[in-house]
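Here's the structure, in structure tokens; my notes come after.
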Ligand SMILES: [Fe+2]
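Numbering (the numbering used here), first residue to last: 59 to 294.
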């Protein structure tokens, strides 16, 4: 007989972990909550299956959990990082992967934690993956991670506007980010992005998600060089 009270390994101790992040690194925790909410919004908009939406929700919440292992003074340092500090910071996907794996999270969540700094042009870390091999869930979280970083203030610069951040990512999409995920971000109107950032995403969530093709048709004008067929998402 199945145990109805067994914890779902995909959601595991996510609230406890976020509480720890909230206490130690509140800015990182807030960033993770927004990245998760943006990612879920886009995944629903693209009509992705429920298990992928859930992986993006949990993976988005935990993608930077490895930063718990990085000294806070490195995370909040306003100036340029030394090589040693940069090395410590770049370890966070692997630290996070190890933590989440030990806690029993599923591979779909572990992929997001480990690979969210991999890039389309293989310039990312920790493995310099070929962009074509990066899971779609990871591509969505990576773009939303960059978008939230750009639209959040930093010690060394002000926050970019939604429009400026979208435009910057669209310019870089062909090289560093997945054009399919960026075109989804470009299709999200500013009021929706604002609502997601402020925890009101459900107000804007459609009851029936439009098909990926409908969304693509609506967004194709943003990235004319985009050639991938979004229908492949249905074949994952
Ligand atoms: Fe990160």
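Ideal placement from N, C-alpha and C gives every residue a C-beta, glycine not left out.
Reduced DSSP secondary structure (H/G/I, E/B, other) of residue i
i           : result
residue 234 : coil
residue 115 : helix
residue 215 : strand
residue 229 : helix
residue 178 : coil
residue 246 : coil
residue 163 : coil
residue 121 : coil
residue 84  : helix
residue 193 : coil
residue 145 : helix
residue 151 : helix
residue 210 : coil
residue 257 : coil
residue 109 : helix
residue 74  : helix
residue 140 : coil
residue 188 : coil
residue 128 : coil
residue 183 : coil
residue 134 : coil
residue 104 : coil
C-alpha gap between residue i and residue j, whole angstroms
i           : j           : result
residue 122 : residue 178 : 20 Å
residue 219 : residue 183 : 27 Å
residue 185 : residue 174 : 11 Å
residue 211 : residue 134 : 12 Å
residue 110 : residue 143 : 34 Å
residue 145 : residue 136 : 17 Å
residue 131 : residue 147 : 11 Å
residue 249 : residue 105 : 20 Å
residue 138 : residue 181 : 20 Å
residue 116 : residue 79  : 14 Å
residue 87  : residue 206 : 12 Å
residue 243 : residue 252 : 13 Å
residue 225 : residue 89  : 20 Å
Beta-carbon separation (whole angstroms), residue i vs residue j, contact threshold 8 Å
i           : j           : result
residue 151 : residue 124 : 6 Å
residue 198 : residue 120 : About 15 Å; that fails the 8 Å criterion.
residue 191 : residue 169 : Contact flag wrong, Cβ pair sits at about 11 Å.
residue 103 : residue 254 : So it is not a contact: roughly 11 Å between Cβ atoms.
residue 82  : residue 126 : 6 Å
Same chain, Cβ closer than 8 Å to residue i, five either side skipped, listed in chain order
i           : result
residue 235 : 177, 178, 197, 200, 201, 204, 227
residue 159 : 168
residue 140 : none
residue 129 : 146
Own chain residues within Cβ distance below 6 Å of residue i, not counting five before or after
i           : result
residue 118 : 93, 94, 97, 199
residue 155 : 168, 171, 172
residue 208 : 218, 223
residue 193 : 169
residue 187 : 176
Same chain, Cβ closer than 7 Å to residue i, five either side skipped, listed in chain order
i           : result
residue 240 : 201, 227, 228, 231, 281
residue 75  : 120, 123
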